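One structure is given here, and the rest of the page talks about it.
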Amino acid sequence: MQTRQVRAGELHVTYLECGEGPLALCLHGFPDSPHTWRHLMPTLAAQGYRAVAPFMRG
15 MQTRQVRAGE LHVTYLECGE GPLALCLHGF PDSPHTWRHL MPTLAAQGYR
65 AVAPFMRG
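Note that my numbering has the sequence shown beginning at 15, numbered continuously upward.
Right, here's the structure in full:
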């Protein structure tokens, strides 16, 4: 699992990423963080998905 960042203009988003393949977007709620998905993301990656969990603004 890697921590990555993307910038689009003034928007800056940090996210966790694991695996390759079709996207499985893992969204957390308040007051959680992307680490909520830390146990599921490797399982999704092992099944052939690219699991991405962004740090949601809030």
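Yeah, the Cβ is synthetic: ideal placement off N, Cα and C, and Gly gets one too.
It should be emphasised that the depicted structure is a prediction, and the values quoted were computed from it without experimental measurement.
Item, Value
"Close-in-space but distant-in-sequence residues of the same chain around L41 (CB under 7 Å, 5 per side omitted)", "M70"
"Cβ pair L37, R64 closer than 8 Å", "yes"
"Length of the line joining the Cα atoms of R21 and V66", "16 Å"
"P48 vs C32 beta-carbon contact at 8 Å", "no"
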